[in-house]
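Residue numbers (UniProt numbering): 1 to 270.
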């Protein structure tokens, strides 16, 4: 699979359960904007069968290179970001993993049971990153058990391997002079933004500002019945030049920590 097809498939999967992203995309295009993608984020567990080392393979094969590494102490996450070696317009890839050894024995056992229930061959699928939830059951009881400790783990159980969010490159927008202006336009158009840590995470001094919508609510068919669960969200990133004049390419862990909460069901009713 080439880069273009991989990125297209990731978008198709994402848009299917995040209809707001397509609507915002079309809304901005309707204002004459050309939408460019800053980065795509993917979640996983640090189990050796599905960890970052496994999921990165497909991206490395299509020309991406590992760049920054990030630690999120409170959420027990580790992440890496990747940039394409030759195509500077290609979106960055951001892959995070839940550090299971830092979680409770109960959560560790639950995740092991989930992964053990899969056909072992599924982990060898070169397109695992596009496979969604490959486990055999989808129990509301298991979801709620994971949710008590880690919203990230609960989200993974429901949605599996797919893009968690896409990100509009705000630098490429012509009709907005700041992220504040873009946020105001989105809110005036009816979209709810993630206000955890403020609607804008990061500062010009940190060389990166980010904001995001709250995740869409998506109907999930559990064994016990259907329930609306937060799916994915749309992010917006504005980058600032470094001392050499080049735009900053990395991420700010403290900002990303709050962006992760866009899928948190507790934010939906704020």
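Think of the CB as a built atom: it goes at the ideal place given N, C-alpha and C, for glycine as much as any other residue.
Using the C-alpha atoms, what's the distance from residue j back to residue i?
i: residue 40; j: residue 6; result: 12 angstroms
i: residue 67; j: residue 81; result: 6 angstroms
i: residue 120; j: residue 133; result: 14 angstroms
i: residue 48; j: residue 54; result: 8 angstroms
i: residue 78; j: residue 44; result: 10 angstroms
i: residue 221; j: residue 87; result: 40 angstroms
i: residue 180; j: residue 4; result: 32 angstroms
i: residue 20; j: residue 234; result: 8 angstroms
i: residue 252; j: residue 117; result: 36 angstroms
i: residue 218; j: residue 90; result: 29 angstroms
i: residue 192; j: residue 186; result: 8 angstroms
i: residue 57; j: residue 178; result: 36 angstroms
i: residue 94; j: residue 59; result: 11 angstroms
i: residue 107; j: residue 156; result: 13 angstroms
Output needed for residue i: all residues of its chain with C-beta closer than 6 angstroms, excluding positions within five of it in sequence on either side, in chain order.
i: residue 32; result: none
i: residue 270; result: Interpretation of residue 270 is limited by its pLDDT of 48, a score under 50 that renders its predicted location unreliable; the figure taken from the coordinates is listed afterwards. Nothing listed; no residue qualifies.
i: residue 216; result: 18, 20 and 231
i: residue 197; result: 258
i: residue 256; result: none
i: residue 69; result: 80
i: residue 250; result: 68
i: residue 128; result: 161
Whose C-alpha, out of the options, is nearest the C-alpha of residue i?
i: residue 75; options: 100, 64, 218 and 175; result: 100
i: residue 265; options: 154, 250, 53 and 17; result: 154
i: residue 240; options: 208, 96 and 193; result: 208
i: residue 184; options: 213, 162, 103 and 205; result: 213
i: residue 294; options: 16, 247 and 117; result: A question about residue 294 goes unanswered here, because the residues of the chain that appear run from 1 up to 270.
i: residue 158; options: 236, 9 and 227; result: 227
Could you tell me how far apart the beta carbons of residue i and residue j are, in whole angstroms, since I believe they sit closer than 8 angstroms?
i: residue 223; j: residue 139; result: 5 angstroms
i: residue 232; j: residue 164; result: 6 angstroms
i: residue 98; j: residue 46; result: 6 angstroms
i: residue 262; j: residue 194; result: 4 angstroms
Ignore the nearest five residues each way along the sequence and tell me which others in residue i's own chain have a CB closer than 8 angstroms to its CB.
i: residue 125; result: 131
i: residue 28; result: 35, 168 and 173
i: residue 160; result: 131, 132, 133, 134 and 135
Tell me which same chain residues have a C-beta within less than 7 angstroms of the C-beta of residue i, skipping the five on either side of it?
i: residue 110; result: 142, 145 and 146
i: residue 14; result: 21, 162, 163, 166 and 232
i: residue 103; result: 76, 149 and 150
### Task
Starting from the N-terminal side, write out each stretch of the alpha helix (DSSP H) that is 4 residues or longer and does not extend beyond the segment 189 to 267.
Counting only runs of 4 or more, we get 253 to 259.
### Message
At 4 residues or longer, what runs of the alpha helix (DSSP H) sit wholly inside the segment 99 to 127?
### Response
105 to 116
### Message
In chain order, what are the residue ranges of uninterrupted alpha helix (DSSP H) at least 4 long that sit wholly in the segment 45 to 90?
### Response
52 to 61
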